[in-house]
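Trainee: Count along the sequence shown from 1, add 8, and you get the number used in our numbering. Note that CB positions come from ideal geometry on N, CA and C, so glycine has one too. Predicted model only: the values in this text are computed from it and were never measured.
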Amino acid sequence: MSNSSSVTKKLFVGLWSLINFTRKLFLNIIFFIILFFILVIMFSGEDEVLVPLESALVLDPYGEIVVQKFQADPFSEFVSEALDQPEDNPEVLLNDLLFAIENARDDTRIKALVLDFQGVSGGLDKLETVARAIEDFKTSGKPVYAFGDYYTQAQYYVAAHADKVFMHPQGVLMFDGYGSYGMYFRTLLEKVKASTHVFRVGTYKSYVEPYIRDDMSDEARRANEAWLTEIWDQYKTNVADARGLDKGVFDEQIEVFLSKFEAADGSFGQYALQNGWVDALLTRDQIVDLMAETVPREDNRLGYRNLSFNTYIKAIRSPLPKQYGNKQIAVVVAKGTIMNGYQENGMIGGDSTALLLRKARLDDNVKAVVLQVDSPGGSAFASDIIRREVDLIKAAGKPVVVSMSSVAASGGYWISSSADEIWATPSTITGSIGVFGMFMTFEKSLEHIGVNVDGVGTTDFAGLSVARALDPRVGQVFQMSVEQTYHQFITLVGQDRGMTTEQVDNIAQGRVWIGTTAQQIGLVDKLGYLQDAIASAANLAELDDYKVRYIERELTSGEIFMQNLFGSAAGMLASTQVDERDSQLLGMIKSLVKEFDAMAQFNDPKGTYIFCLPCKVSL
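#1: Any contact of the region 529-547 with the region 422-435, i.e. 3+ C-beta pairs under 8 Å?
#2: Bridge partners of Lys343, per DSSP?
#3: Which runs of the beta strand (DSSP E) fall wholly inside the region 257-324 and span at least 3 residues, in chain order?
#4: Which class does Val152 belong to by DSSP, given the choice of helix, strand or coil?
#5: Which runs of the beta strand (DSSP E) at least 3 residues long sit entirely within the region 187-255? Give them in chain order.
#6: Around the C-beta of Lys406, are 16 or more other C-beta atoms found within 10 angstroms, so that it is buried, or is it exposed?
#7: Measure the alpha-carbon distance for Phe276 versus Gln294 and round it to whole angstroms.
#8: Does DSSP put Met448 in a helix, in a strand, or in coil?
#9: With DSSP collapsed to three states, give me the class of Leu123.
#10: With 16 other CB atoms within 10 Å as the buried threshold, where does Ala403 fall?
#11: Express the C-alpha separation of Gly465 and Asp241 in angstroms, rounding to a whole number.
#12: Name, in chain order, the residues that DSSP records as bridge partners for Arg557.
#13: At what residues does the alpha helix (DSSP H) containing Glu143 begin and finish?
#14: Please report the distance separating the alpha-carbon of Phe107 from that of Thr319.
#15: Tell me Trp431's beta-bridge partners as DSSP assigns them.
#16: Using the three-state DSSP reduction, which class does Leu472 fall into: helix, strand or coil?
#17: Just to confirm the assignment: which complete alpha helix (DSSP H) runs, minimum length 4, are found wholly within the region 507-534?
#18: Where does Val501 sit, in a helix, a strand or coil, going by DSSP?
#19: Compute the Euclidean distance between the alpha carbons of Tyr243 and Val341, then round it to the nearest angstrom.
#20: Can you find the residues in the same chain that come closer than 6 Å, C-beta to C-beta, to Ile529, ignoring five residues on each side of it along the sequence?
#21: Rounded to whole angstroms, what is the Cα-Cα separation between Ala582 and Val296?
#22: Look up Ile27 in the DSSP assignment and say whether it is helix, strand or coil.
#23: Is it true that the region 453-464 meets the region 541-560, where meeting means three or more beta-carbon pairs spaced less than 8 Å apart?
#24: I'd like to confirm the pairing. Which residues does DSSP put opposite Lys172 in its beta bridges?
#25: Could you compute how far the alpha carbon of Ile423 sits from the alpha carbon of Val74?
#26: Report the rounded CA-to-CA distance for Lys343 versus Ile522, giving the unit in angstroms.
#27: What number of angstroms, rounded off, separates the C-alpha of Ser25 from the C-alpha of Val474?
#28: Taking C-beta to C-beta, are Val512 and Phe317 nearer than 9 Å?
#29: In this structure, does DSSP put Ser489 in helix, strand or coil?
#30: So, for Arg221: in the same chain, excluding its five sequence neighbours on each side, which residues have a beta-carbon less than 7 Å away from its beta-carbon?
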């Protein structure tokens with residue numbers, strides 16, 4: 009026995025020594041990596057980025073166009089860039105795009121603008137804002153070319169505004185239109201014997217439908233068809249006008265498409281050319297020959313003198329802190345699902361977003377506030393915290409103007425409605441004034457595998473748990489709370505918009521509206537974009553000369569150090585390539601998990617939500 013114990017003891021001692029050695033080795037490796045990059049930064053420095061004469065600016069952003077980036081971990085960003093590995097959700101700032109285009113218009117070193125939007129996505133309002141900037145660039149007389157191996161629907165929306173649109177002969181261009189499709193889980197939940205408890209107000213409040221149905225309800229289908237048809241008509245009208253085409257060339261019927269596709273010998277390139285969507289089909293060497301008529305040839309990746317979007321931004325952005333003066337229009341961005349508490353930039357937190365608004369209210373240099381909303385809603389409690397700050401800004405004598413972006417629905421409308429003015433883009437998805445509450449219990453699931461829950465409590469509310477069946481009387485309490493929140497919602501909107509609660513109720517019920525219709529029914533005041541809202545805020549504040557300042561969460565000294573460290577060092581490993589493989593099945597599983605994870609992250613203290621499910625469309 010003693011020999012056995014001795015062997016066992018030696019085994020565990022050896023195992024622990026191995027673990028301890030591995031731990032120390034790992035920490036030392038991390039330490040030396042960080043030390044290496046610190047030394048690189050200290051001794052190498054960054055060369056000044058210059059813009060060569062007679063260059064073409066290649067507008068080649070990568071990611072979703074957003075009004076505010078999500079504040080990601082600097083180390084994660086560093087690893088993604090250093091290994092040339094795309095981020096899970098890459099983003100590009102709309103303001104950076106506009107700044108580059110506007111500066112290039114008057115930059116004598118830039119002779120042409122090349123649109124390469126192969127890696128770009130974004131809401132129609134943001135694409136339209138970029139398109140408007142391109143139209144303004146064209147007033148300089150400089151040519152604008154769009155080159156693409158292929159074009160998605162979103163990418164082509166911007167490309168259509170070029171002077172000439174070119175595609176590779178083997179490229180693809182198709183128009184899918186807009187759709188709102190989702191997964192439905194009723195049968196799945198029945199199979200696992202989950203009990204779904206739903207409390208809602210609003211005929212069209214369809215967020216809960218995937219958990220209680222296997223298909224879309226007739227009410228939701230009619231409402232979604234209405235606003236999707238409107239936004240698709242806006243897309244076709246804009247692209248057709250930009251290209252000088254008739255709206256009938258979009259071939260929504262498969263029979264028409266097949267006939268014309270057959271005439272093009274099954275070639276997507278020839279099909280696009282015959283429809284007038286592109287001006288020519290060019291190979292890469294032919295593109296170089298074309299660009300050589302405007303800028304010099306060069307021995308680089310593209311074959312002609314050029315600057316990429318990111319390089320140009322670095323070259324023209326001033327390293328000095330921006331001075332705002334004492335006449336400021338503050339812009340606060342409310343983007344994402346509305347959650348309770350404090351959230352990072354690129355998300356909405358009841359407390360964190362309210363804090364940004366409070367900063368604007370207490371700053372004497374800020375004379376007016378623009379709240380840019382890009383949100384499908386979320387927590388009713390958090391929405392009301394934010395709305396209260398909007399009211400306090402108005403009470404302080406500062407105008408508040410809301411600029412609705414891609415979507416400002418449900419909770420997004422709750423935080424908007426009390427503003428002095430509400431601006432929406434023609435394609436903004438808004439409304440969805442309705443309320444719901446939902447949770448699941450799994451008493452039947454546990455019973456099925458032989459687990460039962462029993463006990464005693466001092467009240468009828470004691471022991472509320474996902475493991476126990478919900479008392480119908482407790483369910484009645486939740487329903488009454490939801491109904492009270494809905495009544496509060498339509499009452500607030502009625503007061504803000506000069507309507508009776510009956511009038512608001514008629515256009516509420518959780519129904520989604522497009523920006524143009526929302527203006528007609530009184531939910532928004534004017535149609536326009538962020539710059540229009542800023543100009544209107546300045547007018548309300550009686551300002552002729554002012555500076556625009558974005559109010560964002562201030563980084564800690566540690567965060568700034570990490571950001572600078574990894575931001576400067578990322579280029580050192582840029583030559584390393586990582587094989588990226590896409591799996592459609594894996595993507596579907598991720599989508600399924602994401603649906604349930606989104607519900608699990610909701611954190612309203614009353615469990616009451618104002619959220620728009622169909623507000624995310626397939627582009």
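Mentor: Reading off the structure:
#1: Touching, yes.
#2: Asp382
#3: Entirely contained in the region 257-324, the beta strand (DSSP E) runs reaching 3 residues are, in chain order, 314-316.
#4: strand
#5: Counting only runs of 3 or more, we get 203-209.
#6: buried
#7: 19 Å
#8: The three-state secondary structure of Met448, taken from DSSP, is strand.
#9: strand
#10: exposed
#11: 59 Å
#12: Ala338
#13: 132-145
#14: 13 Å
#15: Answer is Ser411, Lys534.
#16: coil
#17: 509-515, 523-528
#18: helix
#19: 25 Å
#20: Spatial neighbours of Ile529 in its own chain (CB-CB distance under 6 Å, excluding positions within 5 residues in sequence) are listed in chain order as Ile515.
#21: For Ala582, the pLDDT reaches just 35, beneath the cut-off of 50, and the residue's location in the model is therefore unreliable, leaving the point undetermined.
#22: helix
#23: no
#24: Tyr153
#25: 20 Å
#26: 18 Å
#27: 44 Å
#28: For Val512 and Phe317, no; Cβs fall outside 9 Å.
#29: helix
#30: Tyr192, Arg194
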